[in-house]
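Since the structure comes first, as structure tokens, the remarks are kept for the end.
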Amino acid sequence: MDFQAIHDRLRAVAAPGLVGADLPRKPDPKVKKDKGRAGDPFVIVEAQRLVEFLEVCRDDDRLKFEQLVDLSATDPAKDDAQLWINVQLLSLKFRHRLAIKCLLPKAAPSMPSTVPVYRASQWHERECAEMFGITFVGHPDPRNILLPDDWVGSPLRKDYEFPKEYHGISCE
Amino acid sequence: MNFFLEGIYQTVGEHLPMWLMMLIAAVTGIAVVLGMVSLIAMFSVWLERKVSGHIQCRYGPMYVGWHGWLQSIADGVKLLLKEDMIPRDADRVLFMLAPGLVLAAILGAFAAYPLSPGIWFGDIDLGVFMIIAFSSMTTIGVVMAGWASNSKWTIYGSMREAAQVVAYEIPLGISLLVPVMVAGTFNLREASALQADWFGMKWFLFTNPFMLPAFVLFFIAALAETKRAPFDLPEAESELVAGFMTEYSGIRWSFFFMEEYAAMFLMSALGAVFFLGGFESPLTHFAGEFFGKELVVVGASGAKELNFAAIPYHLVAAVTLIAKCFFGVFLMMWLRWTLPRVRIDQVMTMGYKYLTPLSLLCVLGAALWEAGKHALFGS
Amino acid sequence: MTRETQSTPAASTRVQRLGAGELSVDIRTPDLEVNFGPQHPATHGVMRILMRADGELVTGAQPHLGYLHRCAEKIGENVEWLQYLPYTDRYDYLASMNNNLGYSLAVEALLGVEIPRRATLIRIICAELNRIGSHLVAFGTYGLDIGAFTPFLYTFREREWMMALFEKICGARLTYSYIRIGGLFNDAPPGWFEEVSRFCDVFEQKWQEYVDLLLVNQIYVKRTANIGIISREMALDFGLTGPMVRGSGIDWDLRRDMPYMCYDEIWRAGAFKIPVARGEMGALGDCWDRSWVRVMEMIESIKIVRWCLDNMVEGPVIADIPKTLKVPLGEAYVGIENPRGELGHYVVSDGGKVSIRTRVRGPSFCNLAVLEDILPGSLVGDAIAIIGSTDIVVGETDR
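Chains as they are written, first to last, in this note's numbering: chain A, 1 to 172; chain B, 173 to 551; chain C, 552 to 950.
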């Protein structure tokens, strides 16, 4: 199914938390400085209801997204007050993908963990947590995965300050 | 010892007291054993590297000497010059004792190895038993090494070694019982002499249909005893870095390796003597006919003297046995570089559940065969 | 007969006094906590697995990553689009061409450029040759883990030839930076295609050697069959891709099912098949099945290379891309079939010269997550076989 059909299906089954969709578009000549948008379409889902949304995606007969391919986060800009959560789903049965975006407030990003739905997100959420400072409520094993256990700060945020030293080793 | 003693008596003469002559004979014997083992180890190291190289489509050592024959010496020099490291938390006494014990055990086993039909260190009537007993003592050294290194991985190696050796002692001994039963003696020299008929080709392997399975079982058990692939779990390189030898470096490590090659040589010697004719081959037979066999003869003056004319025969016989031993060593090396490693529980299963009953069956079958031969042909 | 009670019983033994003359000893030793790595010959890189083992039986395993973390994603936000390419080589350094390809395809999805046909075909040849090289390493080192020293050298003999081919085309043996945004770095030198064709011919015979010497070797089968079984549900739930999932009987390959470049054309021409394990030597989804898939895939890659050589066209090898690239506003995710699974690049652009997010979905990272579940219950020797069968490259796990 193409994206439009998937989006229609999601609306038809009243997938919880579905806010809208964003499709690529050419620049609108009527709007000044509109650059349009290239790339992939995605649906926008409320972060707090992502778990239920993913359950619908996984279990619905016409969607059947058996695999969570990727769960990552993006810090769009230093002055942007939001973080994005990007989820990529894959259906082997119907050979289609779905890109999902959730928005989290940068000040205290917290959302329920999607591990009960897909075990694949366990390690992805750990990485998001340490790199962006996002708290996944209910995660079974919230340790740092790539960074040492005593690392301070969230490296992939745009306002991250590199440490001057670590355990007495200079980082200049 | 007999030869050495006689030789010393003949050459140096009656001037020396008996105890001094025995001392000199003993020291000479030990020196010969040490020399032999060192040469065997050096040659085996070179052989292993060339064999492994050629099996793996490469040459092996080529620079140090013609086709790398001096590589072993270069390695020996390097190992001697390495820093002697003992881990801080290791048990120092056991750590230092272990390689010594391992090497001492295998050197002791060499006392039963006959150099030639007339030259030996000691005509040991329990030769086979002694070799197996001494080579089992090396296990104690291995377990000591693994424990003393104070590392969990080395303990894995030594535990595996202990389990493996215990499991394969049984098929080793029982499969050796087949030719021992046919020969009627544990003595290596006598067993070899019994295979002299048919122009030196009446090897035990050909005299009994149960000899071939016994030989195969013996060979497999010998592979497991000497920790060679496919049973090289105690030193499994890719699993345990170097198993029980991980913390050893330099000359201590080379002791373990000397022991390994010496044990391989000894096991091959057992197989060669009891299955493959020992000293006997057509070449030895004709050399014996031509040169004469007795080294110590009664001379014209009525006293015992050395018969130098018989030396070529003894040389040929010694070389024959050494060639057969190195053939066995080569076979072990060939298998090492061809076969993957068997897992420890599979090793134990094979040893206890398959090899032991099969070797018992071989003994039973061989006994029945011999009894039948006696009954039918009365020989 | 009376006995004195022990004042302080040892931690691991408990002596119970039952009655006159009776004695019961409860010997239970605590589990051994062994550090598998970070320096270890069998972890395929710098990775640490904290194993709890009751003797030889593994009762718990916890992978610890991050030893090779080189901040690739942060660097992606600090260097220009074209400058990021050498960094992509270095995550899965055994299949650099595929990494370059994934990144280039993701950026090209945002750019919307059309890649010249010749470039596409050479890209496929390079990607498939690199897949062969990567599987050669995987298979060879897996044999090494199992204890077979020799097949490793045989596979590396072929890999040397493959690396020589790549050296001729782009100058590097391991990290190529050859497949660029818009096409390729340069055209193939004269005689290169003939040599690739010769390589294909010789490789087919050598491939048979690997099968005969190792894959169906009884000891190898006994070490890998019925070990580390990953069920279909587990494979889907954990997001496994590539040989991990095909080894569990799931018929899924991105080259056929979500084709990119001209794989759909090659598939329709019937040039290659997708090997999916059938559980020949034991339960479906065991280590042997996964190594079987990798060995079979090598031959299928040869067929793809042959098709591309037969259908090669002349033409330019790079589209018109400015030296300082500005990628239009947007975001795209492109997943390609890496030798290890689905390599995904998620790139976000704000219209500028530098990406605002370059997310790399490394297949080894996702494939590694199953270890926590399948290692317990196996023996230490099996643990090594299982870790080898996941075919991870720590550069990709840690990025």
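For every residue, glycine included, the Cβ atom is placed at its ideal position computed from N, Cα and C.
Worksheet item: With a cut-off of 8 Å, does the C-beta of Arg515 of chain B fall near any C-beta of chain C?
Response: yes
Practice prompt. Output the distance between the C-alpha atoms of Pro614 of chain C and Phe823 of chain C, rounded to the nearest integer angstrom.
Written response: Whole-angstrom Cα-Cα distance: 36 Å.
Item to complete: Can you tell me which of C:Glu760, C:Arg599, C:Lys877, C:Pro927 puts its alpha carbon nearest to the alpha carbon of Val945 of chain C?
Response: C:Arg599
Worksheet entry | Enclosing alpha helix (DSSP H) for Ala246 of chain B [first to last residue] | 243 to 253
Worksheet item: Are the region 13 to 31 of chain A and the region 41 to 55 of chain A in contact at 8 Å, needing three or more beta carbon pairs?
Response: Between the region 13 to 31 of chain A and the region 41 to 55 of chain A, the count of Cβ pairs shorter than 8 Å is three or higher; the stretches touch.
Worksheet item: Taking Cβ positions, are Glu407 of chain B and Gly329 of chain B nearer each other than 8 Å?
Response: In terms of Cβ geometry, Glu407 of chain B and Gly329 of chain B form a close pair [threshold 8 Å].
Item to complete: Count the other CB atoms, across all protein chains shown, that sit within 10 Å of the CB of Lys33 of chain A; report buried if there are 16 or more and exposed otherwise.
Response: exposed
Item to complete: Give every residue of the same chain whose Cβ lies closer than 8 Å to the Cβ of Ser256 of chain A, excluding the five residues on either side of it in the sequence, and list them in chain order.
Response: With chain A covering 1 to 172 only, the question about residue 256 of chain A has no answer from this structure.
Worksheet item: Taking the C-alpha atoms as reference points, what is the distance between Ser748 of chain C and Lys854 of chain C?
Response: 11 Å
Worksheet item: Given that a residue counts as buried once 16 or more other Cβ atoms are within 10 Å of its Cβ, and exposed if not, what is Met206 of chain B?
Response: Rather than Met, the amino acid found at residue 206 of chain B in this sequence is Leu. Counting Cβ neighbours within 10 Å, Leu206 of chain B comes out exposed, since fewer than 16 surround it.
Fill in: Neighbourhood of Leu211 of chain B by C-beta distance below 6 Å, restricted to the same chain and skipping five residues each side
Hits under 6 Å: none found.
Item to complete: List the residues of chain A that Arg891 of chain C touches, going by C-beta distances under 8 Å, in chain order.
Response: Here the premise fails: no neighbours, minimum Cβ distance about 14 Å.
Fill in: Other residues of its chain near Val350 of chain B: CB distance less than 7 Å, five sequence neighbours each side excluded
Phe382, Met383, Ala386, Cys534, Val535, Ala538
Discussion item. According to DSSP, is Ser453 of chain B part of a helix, a strand, or is it coil?
Written reply: coil
Item to complete: Taking 8 Å as the cut-off, decide whether the C-beta atoms of Leu467 of chain B and Gly290 of chain B are in contact.
Response: yes
Worksheet entry | Cut-off 8 Å between Cβ atoms - residues of its own chain near Val905 of chain C, not counting five sequence neighbours on either side | In chain order, Glu628, Asn629, Val630, Glu631, Trp632 place their CB closer than 8 Å to the CB of Val905 of chain C, counting only its own chain and leaving out the 5 sequence neighbours on each side.
Worksheet item: What's the call for Ser940 of chain C, buried or exposed, on a 16-neighbour Cβ count within 10 Å?
Response: Answer is buried; the Cβ neighbour count reaches 16.
Item to complete: Can you give me the Cβ contacts of Gln122 of chain A inside the same chain, cut-off strictly under 6 Å, excluding the 5 residues immediately before and after it?
Response: Excluding sequence neighbours, Gln122 of chain A sits near Val115.
Worksheet item: Helix, strand or coil for Glu172 of chain A per DSSP?
Response: Glu172 of chain A: coil per DSSP, three-state reduction.
Worksheet entry | Other residues of its chain near Leu389 of chain B: CB distance less than 7 Å, five sequence neighbours each side excluded | Pro343, Ser347, Leu527, Leu530, Ser531, Cys534
Discussion item. Quick check: what's the CA-CA separation for Tyr618 of chain C versus Gly588 of chain C?
Written reply: 11 Å
Worksheet item: Is Thr200 of chain B helix, strand or coil when you go by DSSP?
Response: helix
Fill in: C-alpha gap between Arg910 of chain C and Ile312 of chain B, whole angstroms
55 Å
Discussion item. Taking 8 Å as the cut-off, does the region 212 to 219 of chain B touch the region 427 to 447 of chain B (at least 3 CB pairs, one atom from each stretch)?
Written reply: yes
Discussion item. Which residues does DSSP list as the beta-bridge partners of Lys101 of chain A?
Written reply: A:Ile44, A:Asn86
Worksheet item: So is Pro794 of chain C buried or exposed if we call it buried at 16+ other beta carbons inside 10 Å?
Response: buried
Item to complete: Assign Ile938 of chain C to buried or exposed, taking buried as 16 or more other Cβ atoms, counted over all protein chains shown, within 10 Å of its Cβ.
Response: buried
Worksheet item: DSSP state of Gly550 of chain B, grouped into three classes?
Response: coil
Worksheet entry | Helix, strand or coil at His591 of chain C according to DSSP, with G and I counted as helix | In this structure, His591 of chain C counts as coil in the three-state DSSP scheme.
Item to complete: Using only alpha-carbon positions, find the residue among B:Gly345, B:Ile278, B:Leu287, B:Phe293 that is nearest to Val314 of chain B.
Response: Measuring from the Cα of Val314 of chain B, the nearest candidate turns out to be B:Ile278.
Worksheet item: Does the beta carbon of Asp70 of chain A sit closer than 8 Å to a beta carbon anywhere in chain C?
Response: yes
Worksheet item: Under a three-way DSSP split, which group does Ser799 of chain C fall into?
Response: Ser799 of chain C falls in the coil class under three-state DSSP.
Item to complete: Could you tell me which residues DSSP puts in a beta bridge with Ala38 of chain A?
Response: C:Gly881
Discussion item. Can you check whether the C-beta of Pro512 of chain B is within less than 8 Å of a C-beta belonging to chain C?
Written reply: yes
Worksheet entry | Rounded Cβ spacing between Leu63 of chain A and Arg11 of chain A (contact assumed at less than 8 Å) | With 8 Å as the limit, Leu63 of chain A and Arg11 of chain A do not qualify as a contact, their Cβ atoms being about 12 Å apart.
Fill in: Pairwise C-alpha distance: Gln82 of chain A and Leu880 of chain C
18 Å
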